[in-house]
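Working notes for the structure below.
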Amino acid sequence: MEEPSSNKFISKKQQSTTASCVCQICGHSAIYSFYGVKSCNPCRMFFKRNAQLGQDAFKCDSDDDCEININNRHFSSLNLLRSDQSTLTVDQWNLLSNLSHCYDEHSELSLGLCLMNEQNNLPLKSRFKNEALIKYFQVAMKGDKNNQDFLSLSIDNRSTLLISTMKHTADISTNFMYYMTGLLKTPTFYDTIALISDPTVMPSVRRITETIQFDIVVMKLLLAIVYSSTINFTIYSNIFPMNLSNIKQILNIQDKYIDLLWRYLLYKYNYAQAIMYCSDLIRCLFAVTESLYKTYSL
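Residue numbering for the sequence shown follows our numbering, starting at 17 and increasing by one per position.
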């Protein structure tokens with residue numbers, strides 16, 4: 017029995033509609049035509065996004081001969097993580113993580129915030145008693161004991177390092193706290209500094225302000241480098257200077273943190289930016305040394 021002509025027409029129309037509703041890229045069902053090509057939603061958005069962004073720097077890992085089908089259309093063949101690959105070893109990542117967590121837990125900033133919260137919850141007459149402040153300073157001084165490199169040194173070398181580098185680490189960390197809290201953006205802050213110290217110190221303070229706007233991880237590494245260094249400035253004093261008994265061990269610790277800092281900068285920034293960052297760090301140390309010298313000379 018011959019099929020009616022109307023049924024033949026409907027059958028041909030359905031076949032034509034079905035064929036035209038297939039994505040010409042991956043073979044999945046499609047209802048849109050984009051740039052004259054039938055494509056499904058995922059393929060349409062993939063090519064639209066890349067066409068509009070014009071990512072010339074990206075290169076196909078398959079030399080522009082990658083196959084796109086229904087199984088892999090959701091996965092990009094481009095290695096988007098290649099810019100995030102670093103030269104830091106697993107041990108260096110662990111060291112950086114431990115250093116960061118140690119600072120967050122035992123730094124004067126976190127301890128100071130805890131102290132302020134505790135004291136603000138007390139009655140006015142009971143706030144900021146000597147016992148609370150003494151406890152705060154005792155805990156703050158114990159922060160260095162959580163660093164394994166510091167613990168590896170002899171007691172004499174620990175004492176010598178704390179005495180010789182305390183001025184620099186305290187000045188850097190204090191100014192960084194001022195920067196983090198926004199005090200460095202307040203004009204009255206500089207007026208107060210000039211009032212309690214001396215106007216001649218202000219140029220050095222402003223130079224510190226200009227150079228201390230660091231990434232907080234970089235600041236943590238800088239403090240680790242400074243505390244394990246022989247940085248100092250010459251002042252005339254009746255106190256007999258203390259010498260380090262094992263300078264080689266201390267320099268090895270310092271080299272380890274300097275190498276970690278450089279690798280971290282290359283991981284987060286490009287080569288030129290990393291060099292500029294190192295330059296700013298050196299300028300910051302010079303400004304801090306100048307500020308300390310002028311303060312001690314008053």
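By construction, the Cβ of each residue, glycine as well, lies at the ideal position given by its N, Cα and C atoms.
- M235 counts as buried, since no fewer than 16 other beta carbons sit within 10 angstroms of its beta carbon.
- The DSSP-derived three-state label of S168 is coil.
- V53: member of the beta strand (DSSP E) spanning 53 to 55, first to last residue.
- The C-alpha of P215 is placed about 24 Å away from the C-alpha of M182.
- Partner residues in the beta bridge of V38, as assigned by DSSP, are S45.
- Take L277, set aside five residues on each side of it, and the residues of its chain with a beta-carbon closer than 6 Å to its own are L237, in chain order.
- If you ignore the 5 residues before and after E306, its C-beta comes within less than 6 Å of the C-beta of S220, all in its own chain and listed in chain order.
- A contact between stretches requires three or more CB pairs, one per stretch, nearer than 8 Å, and the region 265 to 274 fails this requirement with the region 285 to 302.
- Where N268 is concerned, the enclosing alpha helix (DSSP H) starts and stops at 263 to 284.
- Within its own chain, no residue has a Cβ closer than 6 Å to the Cβ of Q164 once the five positions on either side in sequence are excluded.
- Counting along the chain, the unbroken alpha helix (DSSP H) around V233 starts and ends at 232 to 243.
- The three-state secondary structure of S180, taken from DSSP, is helix.
- Between N286 and K141, the alpha-carbon positions lie close to 54 Å from each other.
- For P215, the three-state secondary structure derived from DSSP is helix.
- Residue state for N259 is assigned as coil, using DSSP reduced to three classes.
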